[in-house]
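Line by line, the protein sequences are chains A and B.
Each number in our numbering comes from the position in the first sequence (counting from 1) with 23 added on.
The letter at position 134 of the second sequence is residue 120 when you use our numbering, and the numbering goes up by one with no holes.
Glycine included, each C-beta is placed from N, C-alpha and C at the ideal position.
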Amino acid sequence: MKRSAVLTIVSVVAIVPMVLLAISINENKAEQKNINAVPQIKKFESRSSEWGKHYQRQYDSYKQTKKSDKIDDMLKANPALVVLWAGYGFSKDYNAPRGHFYMLEDNINTLRTGGPVDAMTGPMPTACWTCKSTDVPRLIDEIGELDYFTGKWARHGSEIANPVGCGDCHDNETMKLTITRDFLKRGLDAEGSLKAAEATHQDMRSLVCAQCHSEYYFKKTEWTDKNGEKKTAGVVTFPWDNGFSVEAMEKYYDDISFVDWTHKVSKTPMLKAQHPGYEIYKTGAHGLNNVACADCHMPYVREGGVKYSSHNVGSPLDHMANTCLNCHSEEEKAFKERVARKLERKTELNKTAMDVIAQAHLEAGKAWELGATEADMKEILQDIRHAQWRWDYSIASHGSFFHAPEETLRILGSAINKGQEARVKLRAVLAKYDAGDYAAPDFSTKEKAQAVIGLPYQKLVDEKMAFLNGLRQEWVKEQMQKGLYDPSAWEGMVFNTSYKPSEVAEK
Amino acid sequence: METKIMMKYVSILSVLAAVGMFAYVGYASNMISYLSEDPKVCINCHTMNTEYATWQHSSHRERATCVECHLPKESLVDKIFAKSRDGFKHSFAMTFRTYEGENIRISEDAQQRIQANCINCHREMVSEITAYSKLYQKEGGNGQMDRKCWSCHRDVPHGTTRSLTTTPDNLGVKEI
């Protein structure tokens, strides 16, 4: 009995503190669970403010892109563009890009997307939404990629409610960077040097940008819907099969005889370069050293005790202490001057190239007018096609002059050369039809240039305004009903365009 | 007689309960994990989340784990004693919440260990510093080398600002 009593007492004495300890441990564990809890964000959540509830600093900095609000009318600054893009949307309206906050607004406002009156009308295909909105991966998941890429732009108007945001680059569960646009994966795999599945985190810090900041075209793809109806989709496709260089993509397009549009004046089967930012960046000093887009465009910043990656994507020159000067030990002023000089060099060759190629178009137009034959023009049109493709490729991504100055100037040089070759041949053709001294008409202002190519500018503006006040308002109502509309994505949005509604224009 | 048998059962039951309770506490506290050197063990509780996250983003991540800096390396006995001592202090602080409201600081003892470990790995660098040390400005008691590495290398490896809220979104800590 004595031994049993001792054992019992000892056990109880041991049990009591162990119970208390167990309670304490479980309390601590519960607390830890709260602290380490991963935010619950639903898959394909397109409203960035929902992500922002958990990642406030990143979201706040993303919203700062609203400050990049200046409308910079590129057609006004470079009227030759109107001639270069005659017969194509870009001759109607083209501004320098604004912050991510405006991405969807500007896509809806630009004269390029026209004034559809219902889901079936309008000049552009559905593909034009693809890089503008977090609703795109959601919609593709819902209806399938081929169905998404079928029909007119206006078809998806009531579904596309939020500008590019969190869900375009992040996994909803882990926040890991992720590719939400499959065409990038297909492009990378076709090119072969960096397979999508093998991308490292550092690669991903550029690839999420490359989903949109790349050269692409809309590949016609036949498919059959579930009712057995044959349809044609225009699927965003990267022309990377032969490589990332301008020549490799030129060959790709030539091999499949791809034509973006036929030039209104010169009848050239044209290519429109989009914005091969990723491809050109890869050839420059930073790209070759695997400095990611995010390293300079989304630098780490410190707020109080917290360090995070700024989502205010913009020019790294705006806050050099956090960007360039992390690696380069130089004076800010000297740095800025050097970059400005790079831009001047590009601008110089860019102006020359635009002037040469615009003249070539107008001279070719004259040659057709005088009765030139297909045989006369064949080689010339091929030269113009290649010249403009190369010029466009070199400058369309805006930052190319900095990302890869040598490559940019090299391509511009070859564009000027091709353009001048076309013009030398054109002189011979013009001379053949007694117009050897022909001088192209004046296209020194946006208005003159649009008159030269016969663009009904005010009509386009009126159609656009009717759309903005009509169909677009219906879209917004439907988006609200579907729970897609995020008021904070549109808060403080001011209507700002390069064109003016007719009643304002008349004043 | 009957009480005696009953007491016998009671005693056996209470011993079993004690053993069971010990097993449960061992399980709940991940007791076994503390025998390992995995840095994840140091974030069994949330208190070291920021230290873990800042280390995980530092160059030391590739070369040195928590215990490789924070525990003595030379002798296994020293290491086990140091680990037990620190472990007891940490458990005590965590259980009785004595650390709350305090800025967590490293102990004098732990400082000595870390300094020794810095030197152990960066021997070549330190030997050069020592070789030229008589040329340096002298400071403090015996004049030479009594400052710690991190008197100058202040952000190695945990950064300069660290509190529970410094690394709010660190997914290395928030393992799913």
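Note: A/N49 is not bridge-paired with any residue in the DSSP secondary-structure output. For B/M111, none of the residues of chain A pass the 8 Å Cβ criterion, the least Cβ distance being about 22 Å.
About 4 Å separates the Cβ atoms of B/S44 and B/P143, confirming a contact at the 8 Å cut-off. Burial state of A/I166 is exposed, judged by a 10 Å Cβ sphere holding fewer than 16 other Cβ atoms. Taking the CA atoms as reference points, A/R408 sits about 7 Å from A/P292. DSSP, read as helix, strand or coil, puts A/A109 in coil.
Within chain B, the C-beta atoms nearer than 7 Å to that of A/A28 come from M(-7), in chain order. Around the beta-carbon of B/K(-10), fewer than 16 other beta-carbon atoms lie within 10 Å, marking it exposed. Put simply, the CB of B/P143 is far from chain A, with every gap to its CB atoms at 8 Å or more.
The beta carbon of A/F67 sits closer than 7 Å to those of P160, R161, D164, G190, all from its chain and outside the five residues before and after it, given in chain order. In the DSSP assignment, B/E54 falls within the alpha helix (DSSP H) that extends over 52 to 56. Here A/Y331 carries a strand assignment [DSSP, helix/strand/coil]. For B/Y13, the number of other beta carbons within 10 angstroms of its own is below 16, and it is reported as exposed. Those residues of the segment 63 to 93 of chain A placed with their C-beta closer than 7 Å to a C-beta in chain B are Y78, ordered along the chain. Between the C-alpha atoms of B/S15 and A/K330 there is a straight-line separation of about 32 Å. Setting aside the 5 residues that flank it on each side, A/D248 is surrounded in the same chain by D170, K254, each with a C-beta closer than 8 Å to its C-beta; the list follows chain order. With a threshold of 8 Å between beta carbons, A/S34 makes contact with chain B. In this structure, A/A445 sits near A/A383, with a CB-CB distance shorter than 8 Å. For A/A222, no beta strand (DSSP E) encloses it, and the DSSP letter there is neither H nor E. Note on geometry: alpha-carbon atoms of A/Y125 and A/S181 lie some 18 Å from one another.
By the neighbour-count definition (other C-beta atoms within 10 Å, threshold 16), A/I46 is an exposed residue.
Nearest to A/K305 by alpha-carbon distance, out of A/V288, A/G188, A/S237, is A/S237.
The beta carbon of A/L435 does not come within 8 Å of any beta carbon belonging to chain B, so the residue lies off that interface. Judged by DSSP secondary structure, A/T244 falls within the beta strand (DSSP E) whose first and last residues are 240 to 247. Counting of Cβ neighbours within 10 angstroms places A/E302 among the buried residues, the total reaching 16 or more. When only Cα atoms are considered, A/K86 and A/Q504 end up about 25 Å apart.
Under the Cβ criterion of 8 Å, B/D72 is not counted among the residues facing chain A.
Secondary structure at A/D141: coil, using DSSP grouped into helix, strand and coil. Between A/P464 and A/G477, the alpha-carbon positions lie close to 13 Å from each other.
Going by DSSP, A/Y480 is part of no beta strand (DSSP E) but of the alpha helix (DSSP H) stretching over 480 to 492.
Counting C-beta atoms within 10 angstroms of its own C-beta, B/S22 has fewer than 16 neighbours from the protein chains shown and is therefore classed as exposed. At the C-beta level, A/Y276 and A/L294 come within 8 Å of one another.
Within the segment 6 to 30 of chain B, the residues whose Cβ lies closer than 8 Å to some Cβ of chain A are M7, F8, Y10, V11, A14, S15, listed in chain order. Under DSSP, A/R325 shares a beta bridge with A/K330. Residue state for A/D278 is assigned as helix, using DSSP reduced to three classes.
The alpha-carbon of A/V484 is positioned some 19 Å away from that of A/V106.
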